[in-house]
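Enquirer: The sequence shown begins at 4 in the numbering used here and counts up by one. Just so it is clear, CB atoms sit at the ideal spot from N, CA and C, and this is done for glycine as well.
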Amino acid sequence: NISGRTNVVTVTPWLAPIVWEGTFNPLIVDSIYKPMHLSIATTVFAVGKYVRFLRDFLETAEKHFMVDFKVHYYIFTDRREDVPAVVLAPGRNVTIIPVPGSNRWQEISSRRMEMIQTAIENQIGKEADYIFCLDVDTKFHGRWGAETLSRLVATIHPGYYEQTHEHYPYERRPASRAYIPAGEGDYYYGGATIAGYVRDVHKLTKYCREQLEADAANSIEAAWQEESHLNRYLLYNKPTKILSPEYLWQDFKAKNNEVQIIRFSQVNKNYAEVRPN
Ligand code: UD2
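1. Output yes or no for whether 8 Å exceeds the beta carbon distance between valine 156 and phenylalanine 56.
2. When you compare only the Cα positions, how much space is there between alanine 181 and glutamine 120?
3. So is the beta-carbon of phenylalanine 267 under 7 Å away from any non-hydrogen atom of the ligand UD2?
4. In whole angstroms, what separates the C-alpha of alanine 257 from that of isoleucine 245?
5. What whole-angstrom Cβ distance do tryptophan 227 and glycine 194 have, given they're in contact under 8 Å?
6. Taking the alpha helix (DSSP H) that glutamine 269 belongs to, which residues open and close that run?
7. Are lysine 37 and valine 277 close, meaning C-beta to C-beta below 8 Å?
8. Quick check on the DSSP output: the alpha helix (DSSP H) that includes asparagine 234 runs from which residue to which?
9. Could you check whether serine 105 and histidine 75 sit closer than 8 Å to each other, using their CB atoms as the reference points?
10. Nearest to tyrosine 250 by alpha carbon, out of Trp23, Val12 and Val11?
11. For glutamine 253, which beta-bridge partners are listed by DSSP?
12. Name the DSSP beta bridge partners of valine 14, please?
13. Does proline 172 come out as helix, strand or coil in the three-state DSSP assignment?
14. Return the residue from the list Leu137, Ala225 and Ala131 that minimises the CA-CA distance to phenylalanine 60.
15. Name the one or two DSSP bridge partners that cysteine 136 has.
16. For glutamine 269, does the count of other Cβ atoms within 10 angstroms reach 16, so buried, or fall short, so exposed?
17. Does DSSP put threonine 141 in a helix, a strand or coil?
18. Pull the bridge partners of asparagine 259 from the DSSP assignment, please.
19. Would the C-beta of glycine 199 count as close to the ligand UD2, meaning under 7 Å from any of its heavy atoms?
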């Protein structure tokens with residue numbers, strides 16, 4: 004029984020839904036998507052010490068993430084021997100993709116774009132219908148289901164959803180390819196969750212990779228690395244569905260009235276301890 008929501012915005016100015024609890028009926032959504040037998044690729048990077056987050060990520064994903072769908076996790080890591088053996092439900096499996104380590108966290112985070120692009124070209128493009136690219140230092144706490152499927156899906160960053168665009172941490176230097184002029188911008192999207200049709204996410208990752216490389220050639224690094232380029236891409240290529248901060252919370256933030264359920268949240272981490280520098 005859906006009564007709708009009145010205390011949050013549930014549709015964008017270009018008529019894409021913003022998914023909040025109370026805006027969809029999970030039974031109807033499941034009855035549409037489950038018979039399609041979709042293949043869902045999920046990429047997650049666990050480079051260096053971040054491998055420690057994998058067990059909770061995978062165990063909680065098995066409880067809440069795309070339950071009853073075929074899910075193929077692609078784990079990108081330089082520590083194959085430390086990848087935990089987690090029991091997966093039938094129809095779900097894991098592939099480990101070796102990647103180099105790095106002593107700069109900014110590079111690890113940014114290079115995901117290039118590595119996802121390449122993995123789509125080599126493997127994922129032949130295997131999956133939809134793809135989710137998720138941060139690993141996270142846990143699922145509630146349903147994340149077929150209501151999140153669409154052609155190009157982004158998530159509103161939990162730190163900025165109550166703010167107006169002049170407060171968003173977009174890249175503001177015209178010298179960077181991630182530049183967004185003052186007065187422009189729709190939402191501030193988090194880099195921790197990108198999703199959509201494999202073809203559309205491929206286009207996005209290829210664009211971000213090229214922009215990151217162009218910036219590097221000019222010795223400039225955008226304020227929030229790949230997240231800044233992602234925000235620029237999504238300003239000119241509007242997402243077809245937006246996930247509310249229910250789908251990207253941060254454990255240190257107190258829950259508030261708009262957020263009726265936290266589905267996925269970044270765990271608190273000691274940056275100095277887990278990052279290489
Ligand atoms: C934000 C974004 C993140 C990314 C980053 C860019 C959210 C909530 N988070 O988080 O997605 O855009 O800013 O600066 O939107 N990683 C490793 N090993 C490392 C470092 C990173 O595997 O040593 C991977 C890992 O999958 C991690 C991801 O890169 O989840 C992002 O890094 P982060 O979580 O340290 O970035 P953070 O918390 O600043």
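Expert: According to the structure shown:
1. Within the sequence shown, residue 156 is the residue found at index 153, counting from 1. Within the sequence shown, residue 56 is the residue found at index 53, counting from 1. No. Outside cutoff.
2. Position 178 of the sequence shown, counted from the first residue, corresponds to residue 181. Position 117 of the sequence shown, counted from the first residue, corresponds to residue 120. Going by the C-alpha atoms only, they are around 19 Å apart.
3. Counting from one through the sequence shown, the residue named residue 267 turns up at place 264. No, since every heavy atom of the ligand UD2 falls outside the 7 Å radius drawn around the Cβ of phenylalanine 267.
4. The count along the sequence shown starts at 1 and reaches residue 257 at position 254. The count along the sequence shown starts at 1 and reaches residue 245 at position 242. In this model, alanine 257 and isoleucine 245 are separated by some 22 Å (Cα to Cα).
5. Along the sequence shown, one-based indexing puts residue 227 at 224. Along the sequence shown, one-based indexing puts residue 194 at 191. At roughly 7 Å, the Cβ-Cβ gap stays under 8 Å, so tryptophan 227 and glycine 194 are in contact.
6. Along the sequence shown, one-based indexing puts residue 269 at 266. Glutamine 269 -> not in any alpha helix (DSSP H); beta strand (DSSP E) instead, spanning 267-269.
7. Taking the sequence shown and counting its residues from 1, one reaches residue 37 at position 34. Taking the sequence shown and counting its residues from 1, one reaches residue 277 at position 274. No, Cβ-Cβ distance for lysine 37 and valine 277 is not below 8 Å.
8. Along the sequence shown, read from residue 1 onward, the residue named residue 234 stands at position 231. Unbroken alpha helix (DSSP H) run through asparagine 234: 228-239.
9. Working through the sequence shown from its first residue, we reach residue 75 at position 72. Working through the sequence shown from its first residue, we reach residue 105 at position 102. Taking 8 Å as the Cβ cut-off, histidine 75 and serine 105 do not qualify as a contacting pair.
10. Counting from 1 along the sequence shown, the entry for residue 250 is found at position 247. Minimum Cα distance to tyrosine 250 is reached at Trp23.
11. The residue given as residue 253 occupies position 250 in the sequence shown. Answer is Gln269.
12. Numbered from 1 along the sequence shown, position 11 holds the residue referred to as residue 14. Its beta-bridge partners are Pro20.
13. Position 169 of the sequence shown, counted from the first residue, corresponds to residue 172. In the structure shown, proline 172 sits in coil (DSSP, three-state: anything other than H, G, I, E or B).
14. Looking up residue 60 in the sequence shown gives position 57. Measuring from the Cα of phenylalanine 60, the nearest candidate turns out to be Leu137.
15. Locating residue 136 in the sequence shown gives position 133, counting from the first residue. In the DSSP output, where bridge partners are listed per residue, cysteine 136 has Thr46 and Ile197.
16. In the sequence shown, residue 269 corresponds to position 266, counting from 1. With 16 or more other Cβ atoms from the protein chains shown falling within 10 Å of its own Cβ, glutamine 269 counts as buried.
17. The sequence position of residue 141 within the sequence shown is 138, counting from 1. In this structure, threonine 141 counts as strand in the three-state DSSP scheme.
18. Reading the sequence shown from its first residue, position 256 is the one you call residue 259. In the DSSP assignment, asparagine 259 is bridged to no other residue.
19. The residue labelled residue 199 in the question sits at position 196 within the sequence shown. Glycine 199: no, Cβ never under 7 Å from the ligand UD2.
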